[in-house]
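In our numbering, the protein residues as written are 10 to 741.
Glycine residues also receive a C-beta, built at the ideal position from the N, C-alpha and C atoms.
Here the structure is a predicted model, which means the values were calculated and not measured.
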Ligand code: MN
């Protein structure tokens, strides 16, 4: 097949999956958009070597087939990279296809202009996309389709781009897809992310699941046979499919429960999707099927999930139960009507299709969308905080609580009485003084549980306090509280900048971003404005900042291992290949930079790591580190590949004997000092306490006596330490 033919056949396939009932006129519009995009991207190829136009076609196909979107979305998907990658502008699109499609394409175009080093282009682009949500949720749906196709074709990207894109997907796109009810896409995004982030673990789990379902296929037949008979006898029209848990969900479970894959017993599930009989309500029929199954098998009482009476916030409706199969094996059974199934698999688009048909799930989803729009409308904060707060609203763990009159409210897990108050009304939140939960008096910081009945107590005298921000988790509550302080904040910000500049002048520091970076890093702030504001409000003292700036830069580096940049592309990173010159801007910037280990996750040799280059320094995180995943999604263009290598340093064993007055945290203080010391490696530690006096001996490896003496000095400096001596019989 020639290139031209393969493009045409991909497009023909797209045309064959358009929504049924697409008019001839609309079909012509789509053909026109395709011709236009093909011309615009002419001569451009993707990394995989394919003509570029295949990507927009694939995105349009996902939008039409897997999400169920209509003509305008298909056209926007075909055009989604035209403005970004070619000379055409949004105005050109508006002239050709009208304002609606132009605004969709605009929402899909990443931010073009170059911004300062502090701003994350990705976070800004994402914020822009989300703001478009207020106008049209289709932008996000197409963006998800775009991301899905990029993930499906990720293999052709370089190793560190893979890690970057996978991290971003896991951080924001998969939860977003989940929140919008796109279950099938969410699962695929998660599995693909895992495949690139932890390829070995992915492989092991994937193989295990495959073997498992093969081994159990006989058992499964024995299990479903009687269910089929029962359903048939009762005149149900249905499909029954066997499913295994996704690789990612198994991996998550292993991480959370700290078990091996053999410890996960509910790998297999059976899904029943039935055509509802017209004369009975769907809900009734679900429970009837439930009863037909439990006539055969014993259910596990605590594993019944009724998402029919109260659908999930993403609109999901189904009845789940876990029963014991013929050989004592647990099986999960999911019961859904056809309508419920379509909403579960295709989310929003299906949800709108069934709107007004009394689907309980659609109200939940509408409420969530309204909530997001409201939170977005109130946002003035920076793109990064925006992303974090938005992310909070994506948590799929949620609780359902009730007003005194019995109205249900859905809130994220960990929500407090104060979140609930703001959920009801801004004024109720602003004047909240506490609450009654199940008729018991509680403070407003009280965390709610599912099923709680909550009454908010208010007072005219009350006004929002800064500490309230620590008690709320919803973006809505946060943004309302911050609104109150915004004026005050601007003032504090101005004062803080003055104070900081004063310090820099006083200490005669270079007038560049270096001092600021140092302080931000020490206090673990990501945003300089927060630092200034804290200074301005005296939450952070001038003295603390000065102390930090005077301190010598500590190097918490691992001793006999070291990190080095891994410029080699793709899989051929095995030993023997020399370092290649950096390929892009971030790498070039990082080439001469200092490498430090991130304090949040403290990777050790052997961990899968990733480097993030910022402000002339490369911070190395574990790939699993949530902070790293967050940073990767926001500063994806700053990712540099690093790996652990063994460094040959000659070292000598030495033993230190120490004693002092015992106090809380003594041992950890000593070990912290040792681990921070450059060129020192801890071998063994032994501590004993008798009658308030402690004694310890520590064996270390050092490079020289200089290192050892400095270490002893630093231990002596700890409060409670009376004596530190070196034993001459080192290797005892
Ligand atoms: Mn694209």
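Starting from residue i, trace the beta strand (DSSP E) in both directions and tell me its first and last residue.
i	result
residue 284	277-284
residue 3	The structure shown does not extend to residue 3, since the chain spans only 10 to 741, so no value can be given for it.
residue 202	Unbroken run through residue 202 is the alpha helix (DSSP H), 192-206; no beta strand (DSSP E).
residue 336	Careful: residue 336 lies outside any beta strand (DSSP E) and carries neither H nor E.
residue 407	407-411
residue 114	Not the beta strand (DSSP E): residue 114 falls in the alpha helix (DSSP H), residues 108-117.
residue 458	First-last for residue 458: undefined, no H or E at that position.
Could you check how far apart the C-beta atoms of residue i and residue j are, in whole angstroms? I think they sit under 8 Å.
i	j	result
residue 432	residue 422	So it is not a contact: roughly 14 Å between Cβ atoms.
residue 721	residue 733	5 Å
residue 467	residue 435	Residue 467 to residue 435, Cβ: 12 Å. No contact.
residue 550	residue 480	Incorrect: roughly 25 Å between the Cβ atoms, too far for contact.
residue 66	residue 20	6 Å
residue 256	residue 200	5 Å
residue 668	residue 731	6 Å
For the alpha helix (DSSP H) that residue i lies in, which residues bound it at each end?
i	result
residue 699	Run containing residue 699: none in the alpha helix (DSSP H); it sits in the beta strand (DSSP E), 689-699.
residue 63	63-70
residue 253	Segment 246-253 is the beta strand (DSSP E) holding residue 253; no alpha helix (DSSP H) there.
residue 473	It is not in any alpha helix (DSSP H) - residue 473 carries neither H nor E in the DSSP assignment.
residue 559	551-559
residue 681	675-685
residue 18	12-25
residue 417	Element bounds for residue 417: not the alpha helix (DSSP H) but the beta strand (DSSP E), 417-421.
residue 448	Unbroken run through residue 448: none, as it is neither H nor E.
residue 80	80-88
In this structure, how does DSSP classify residue i when only helix, strand and coil are distinguished?
i	result
residue 366	Confidence in residue 366 is poor, its pLDDT being 47 and thus under 50, which makes the residue's placement unreliable; the coordinate value appears in the next sentence. Coil at residue 366, not helix or strand.
residue 293	helix
residue 388	Confidence is the limiting factor: at residue 388 the pLDDT is only 49, short of 50, which leaves the residue's position unreliable and the question unanswerable from this model.
residue 168	helix
residue 603	strand
residue 730	strand
residue 182	helix
residue 619	strand
residue 710	strand
residue 224	helix
residue 562	Note on residue 562: pLDDT 37, under 50, position unreliable in the model; no value is reported.
residue 663	strand
residue 288	coil
residue 722	helix
residue 320	coil
residue 480	coil
residue 468	coil
residue 439	helix
residue 234	helix
residue 188	helix
residue 434	coil
residue 515	helix
residue 741	With a pLDDT of only 36 at residue 741, under 50, the local geometry of the prediction cannot be trusted, and the value read off the model is given with reservation. Residue 741 falls in the coil class under three-state DSSP.
residue 532	coil
residue 736	strand
residue 28	coil
residue 638	helix
residue 668	strand
residue 146	coil
Considering Cα atoms alone, identify which of the options is closest to residue i.
i	options	result
residue 464	499, 415, 508 and 511	415
residue 148	254, 109 and 164	109
residue 261	252, 250, 251 and 273	273
residue 54	12, 690 and 316	12
residue 193	350, 343, 245 and 418	350
residue 663	692, 476 and 674	692
residue 677	435, 707 and 72	707
residue 556	618, 62, 198 and 509	509
residue 151	168, 189 and 230	189
residue 159	145, 175, 169 and 146	175
residue 695	686, 685 and 679	679
residue 419	61, 460 and 548	460
residue 638	209, 171 and 84	171
residue 310	295, 341, 281 and 326	341
residue 329	266, 343 and 618	343
residue 281	271, 319, 320 and 241	241
residue 451	215, 458 and 443	443
Should residue i be flagged as near chain C, meaning a C-beta pair shorter than 8 Å?
i	result
residue 199	Absent from the structure: chain C. Only one protein chain is present.
Q) If you measure from each residue's Cβ to the nearest non-hydrogen atom of the ligand MN, which ones come out under 5 Å, in chain order? A) So the residues near the ligand MN by this Cβ test are 90 and 155.
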